[in-house]
Amino acid sequence: MYQKIFVPVDDSDTSMMALIEACKLAKAFASTVRLVHVVDLAQFGWGGTEFLDATELQKSIKQAGEQVLQQAVDRAKSLGVESECQILESWGDKIALVLADDASAWGADLIVMGTHGLGGLMHLLMGSVAEGVLKVADVPVLLVRYAGE
9 MYQKIFVPVD
19 DSDTSMMALI
29 EACKLAKAFA
39 STVRLVHVVD
49 LAQFGWGGTE
59 FLDATELQKS
69 IKQAGEQVLQ
79 QAVDRAKSLG
89 VESECQILES
99 WGDKIALVLA
109 DDASAWGADL
119 IVMGTHGLGG
129 LMHLLMGSVA
139 EGVLKVADVP
149 VLLVRYAGE
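Residue numbering for the sequence shown follows my numbering, beginning at 9 and increasing consecutively.
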């Protein structure tokens with residue numbers, strides 16, 4: 009059924025729950041899993057901070073993203089699922105579009121991701137990457153909400 013499962017990850021418990029669900033599906037369908045993490049490099053790319061080295065900050069952001077991905081790869085492996093992984097870079101783009109575009113280019117059959125389930129004013133102010141992906145993705149999206157958050 010689902011042969012290629014695309015899983016965006018960050019360092020939240022919600023993301024880990026989505027990864028666990030994706031691994032369950034991957035095992036059931038003998039699917040390939042792609043783990044991705046988006047780093048937004050634009051926040052330090054415009055200069056304007058005389059006291060900060062933007063290049064070093066961007067390098068640190070990428071390294072932190074690689075650590076997040078490695079933890080996800082290790083977790084998937086502990087659940088019996090081999091995965092491929094990729095850091096995706098954003099330069100101020102909407103994260104949802106970066107994710108949906110990469111999922112489409114990879115040929116994903118399903119996107120599995122966590123949602124924090126924000127409501128009311130917080131949702132209005134912060135928006136939702138998951139909701140954005142849901143609106144623009146050209147494949148089914150499974151949203152996993154972690155009740156602990």
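C-beta atoms are modelled at their ideal positions from N, C-alpha and C, and glycine is treated no differently.
Three-state secondary structure assigned by DSSP to residue i
i: Ala80; result: helix
i: Gly100; result: coil
i: Met121; result: strand
i: Leu87; result: coil
i: Val17; result: coil
i: Leu151; result: strand
Residues near residue i by beta carbon distance below 7 Å, same chain, minus five either side
i: Val147; result: Ala111, Ala116, Asp117, Leu118 and Ile119
i: Met25; result: Gly122, Val152 and Tyr154
i: Val76; result: Val17, Asp18, Asp19 and His45
i: Glu97; result: Val47 and Leu49
i: Gly73; result: His45, Val47 and Ile95
Chain-order list of residues whose beta-carbon lies under 8 Å from that of residue i (same chain, five-residue window excluded)
i: Lys35; result: Leu87, Gly88 and Val89
Spatial neighbours of residue i in its chain, beta-carbon cut-off 6 Å, leaving aside the 5 residues before and after
i: Phe37; result: Met9 and Tyr10
i: Val6; result: Within the shown structure, residues of the chain are numbered from 9 to 157, placing residue 6 beyond reach of any answer.
i: Ala108; result: Val141, Val144 and Ala145
In DSSP terms, what residue i is bridged to
i: Lys12; result: Thr40
i: Val46; result: Leu96
The region 78-88 in contact with the region 13-29 per 3-pair CB rule at 8 Å: Yes, the region 78-88 is in contact with the region 13-29.
The region 10-24 in contact with the region 61-71 per 3-pair CB rule at 8 Å: The count of Cβ pairs closer than 8 Å, one atom from the region 10-24 and one from the region 61-71, stays below three, leaving the stretches out of contact.
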